[in-house]
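Taken in sequence, the protein lines are chains A and B.
Counting from 1, position 216 in the first sequence corresponds to residue 222 in our numbering; the numbering is continuous, with no gaps.
Counting from 1, position 85 in the second sequence corresponds to residue 115 in our numbering; the numbering is continuous, with no gaps.
Ideal placement from N, C-alpha and C gives every residue a C-beta, glycine not left out.
All figures in this text were calculated on a predicted structure; none of them were measured in a lab.
What follows is a set of notes on a single structure, which appears directly below.
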Amino acid sequence: MSLVLVVQIGLVFFVFVALLLSSAAMVYAERKFAAAFQQRLGPNRVGPKGLLQPFADVIKLMFKEELRPKGADAFVFLLAPVISATAAITAFAVVPFGAETTLFGLLDEPIPLQAADINVAVLVVFAIASMSVYGIVLAGWGSNSKYSLLGALRSASQMISYELCYGMALASVLILGGSLSLREIVDAQSGAWFGIIPRWFVFLQPVGFAVYMISGIAETNRAPFDFPEAEQELVAGYHTEYSSMAFAMFFLAEYINMVTVSAVATNLFFGGWHGPLLPESLGWMWFLIKVSAILFFYIWVRWTLPRYRYDQLMHFGWKVLLPIAALNLVLTAAGVVYLGL
Amino acid sequence: MASELLLFYLFAAVAVVASALVVGQRNPMHSVLLLIVSFAALAAVYLLLDAPFAAVIQIIIYAGAIMVLFLFVVMLLNAGREAVQAGTKVAAGARAAGGVLAAVLGVELVWAVAEARRVTGAVPLDVDPAVVERLTSVRAIGQKLFTEYAFAFEVTSILILVSMVGAVVLAKRRGEP
């Protein structure tokens with residue numbers, strides 16, 4: 007077995023573990039920030055400053071009883087959380103998180119820092135995001151519970167509606183980058199205008215970024231768009247009937263999806279691993295900083311804004327966001343063709 | 031090469047078996063799920079043919095968008111198990127007609143594949159990567175679609191628009207603005 011293959015497999019394993027740990031970190035960060043926003047202390051009993059709280063949560067969930075409602079479709083009921091978690095983890099496979107590296111001269115040929123370098127990476131992320139709807143829909147249908155079914159129906163219509171805007175925001179960046187490969191789009195953003203302003207697409211695509219973030223939040227079912235699990239109406243939406251590790255897998259999927267949306271946003275709009283001061287080989291630090299900033303924005307929004315009403319969500323998605331996204335796409339295309347941006 | 035062939039047979043088998051099982055399910059939900067499996071296996075076959083764009087589009091459009099609508103319909107109609115009594119008789123004429131149609135379709139399929147092989151030769155799995163790039167890149171597909179096949183493309187979009195308008199008209203209750 008060649009060394010490159012070993013390193014590649016190691017990289018895949020690394021991404022997998024990093025995603026699992028990132029969701030643990032997100033749980034801790036979410037609880038700590040929520041506490042800070044609400045003038046509380048947050049978790050502070052398990053480990054120093056409550057740092058071991060996520061692991062305590064996981065252990066607690068593992069020892070809980072696995073319940074299945076009467077009349078539930080056993081196979082579909084078990085399949086749903088698996089689809090959710092698998093789709094969430096798979097989507098990150100094509101996301102690059104650093105420049106090419108030889109691992110301190112270990113390898114002869116530099117390898118890209120990402121699990122799989124595919125030339126249609128952006129579309130792969132989009133395709134897998136569209137597959138993750140199934141996890142939620144099947145959970146709702148397989149539970150044989152009215153709350154779950156209503157949550158799933160809402161979630162499916164919400165995700166389909168916002169997927170359009172999501173796709174159009176992606177397309178406007180693709181036009182600027184002139185490629186479907188995330189790596190090439192990131193490399194198109196290296197350097198700076200006038201030596202100061204970094205060449206990030208967010209400055210060319212402020213509207214595209216806003217549309218992307220809003221529909222990204224809706225796609226990941228986060229507040230203020232968390233209708234699939236609106237507590238006061240639907241108990242807990244599609245995962246009402248789930249307990250123990252099956253519930254944990256939905257939870258995991260939600261946080262990993264947030265990380266993926268943030269990582270793709272970093273690559274598309276904020277120049278990925280390109281940044282001042284640090285050398286190219288330490289670019290992944292810039293990547294981590296940018297992704298963390300966007301994730302903080304996610305948490306910040308959740309604990310600041312109240313939930314919308316369902317009809318407002320649909321109205322906003324179809325009659326406000328979609329026309330803006332379409333107009334932005336047309337203007338971007340015109341700009342590239344006539345001004346040669 | 032050998033592993034590629036092995037993967038092809040694996041995914042081809044998954045696609046065929048899943049498609050066959052779609053018809054045999056009593057529960058419409060399981061049929062929909064099996065159809066998704068079949069589409070995903072087909073996407074994998076496209077990948078093996080060095081057509082990643084077609085594969086991803088297959089997932090987005092068929093496995094993603096269209097099947098979600100199928101699921102929606104199944105869920106909204108709350109179609110449970112198909113109520114087929116043990117004694118249900120299918121008319122002999124219907125059986126015969128179905129059998130003949132299936133046979134004709136099968137022969138047609140075999141003939142089409144054989145004819146395609148005769149005209150273009152067998153489709154090799156490992157052609158020149160430059161040629162593959164020229165044929166399957168997003169740029170090439172886009173240029174073909176918007177120049178040579180522009181008319182078909184526009185007609186299709188009008189067809190979809192018409193069906194959309196039709197759905198809205200049908201869904202709207204009389205007297206509503």
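Under the three-state DSSP convention, the category residue i falls into
i	result
Gly-324(A)	For the record, residue 324(A) in the displayed sequence is Trp; it is not Gly. Reduced to three states, the DSSP call for Trp-324(A) is helix.
Gly-128(B)	helix
Ile-220(A)	helix
Glu-178(B)	coil
Trp-141(B)	helix
Trp-199(A)	strand
Pro-204(A)	strand
Glu-71(A)	coil
Met-105(B)	helix
Pro-118(A)	strand
Gly-348(A)	Outside the shown range of chain A (7 to 347) lies residue 348(A), about which nothing can therefore be said.
Ala-78(A)	coil
His-280(A)	coil
Leu-57(A)	coil
Ile-124(A)	coil
Local Cβ density within 10 Å of residue i, reported as buried at 16 or more and exposed below that
i	result
Thr-96(A)	buried
Val-23(A)	exposed
Val-265(A)	buried
His-245(A)	buried
Leu-155(B)	Reliability of the predicted coordinates at Leu-155(B) is poor, the pLDDT of 48 falling under 50, and the value obtained from them is presented with this limitation in mind. By the 10 Å Cβ count, Leu-155(B) comes out exposed.
Leu-11(A)	exposed
Val-192(B)	exposed
Lys-296(A)	buried
His-321(A)	exposed
Met-68(A)	exposed
Asp-232(A)	buried
Phe-253(A)	buried
Neighbour flag for residue i against chain A, beta carbons, 8 Å
i	result
Leu-155(B)	In this predicted model, Leu-155(B) has a pLDDT of only 48, less than 50, meaning its place in the structure is not dependable; the value taken from the coordinates is given anyway. It does not; no Cβ of chain A falls within 8 Å.
Met-105(B)	yes
Val-199(B)	no
Pro-58(B)	no
Gln-32(B)	With the sequence shown as reference, residue 32(B) is identified as Ala, and Gln is not the correct amino acid for it. Taking Cβ atoms only, chain A never reaches closer than 8 Å to Ala-32(B), which makes this a no.
Phe-69(B)	no
Val-168(B)	yes
Leu-101(B)	yes
Residue from the options with nearest C-alpha to residue i
i	options	result
Ala-177(A)	Ile-305(A), Val-126(A), Ala-122(A), Gly-197(A)	Val-126(A)
Gly-222(A)	Ala-99(A), Ser-167(A), Ile-181(A)	Ser-167(A)
Ile-220(A)	Met-251(A), Arg-189(A), Val-267(A)	Val-267(A)
Ala-86(A)	Phe-43(A), Met-137(A), Gly-77(A)	Met-137(A)
Gln-79(B)	Glu-34(B), Ser-61(B), Gln-55(B)	Per the sequence shown, the amino acid found at residue 79(B) is Leu instead of Gln. Checked all of Glu-34(B), Ser-61(B), Gln-55(B); the closest Cα to Leu-79(B) is Glu-34(B).
Leu-65(B)	Tyr-76(B), Ala-50(B), Arg-56(B)	Ala-50(B)
Thr-226(A)	Ala-94(A), Leu-328(A), Pro-75(A), Ala-78(A)	Ala-94(A)
Leu-101(B)	Leu-155(A), Gly-346(A), Phe-302(A), Tyr-316(A)	Leu-155(A)
Pro-58(B)	Leu-119(A), Asp-79(A), Asp-63(A)	Asp-79(A)
Test: residue i CB closer than 8 Å to a CB of chain B
i	result
Ile-15(A)	no
Val-241(A)	no
Leu-129(A)	yes
message: With three or more C-beta pairs closer than 8 Å as the rule, is the segment 140–160 of chain A touching the segment 204–211 of chain A?
response: Segments in contact, no.
field: Cβ contact (3+ pairs, closer than 8 Å) linking the segment 70–90 of chain A and the segment 250–258 of chain A
entry: The segment 70–90 of chain A is in contact with the segment 250–258 of chain A.
The segment 154–162 of chain A in contact with the segment 119–129 of chain B per 3-pair CB rule at 8 Å: The segment 154–162 of chain A is not in contact with the segment 119–129 of chain B.
message: For the structure I just gave you, are there three or more beta carbon pairs, one from the segment 85–101 of chain B and one from the segment 68–75 of chain B, closer than 8 Å?
response: Three or more Cβ pairs drawn from the segment 85–101 of chain B and the segment 68–75 of chain B lie within less than 8 Å of each other, which places the two stretches in contact.
- prompt: Is the number of C-beta pairs between the segment 46–62 of chain A and the segment 26–38 of chain A that are closer than 8 Å three or more?
  reply: With a cut-off of 8 Å, the segment 26–38 of chain A and the segment 46–62 of chain A count as touching, because enough Cβ pairs lie within range.
message: Check whether the segment 272–281 of chain A and the segment 180–194 of chain A touch, using three or more Cβ-Cβ pairs below 8 Å as the test.
response: Counting Cβ pairs under 8 Å, three or more are found: they touch.
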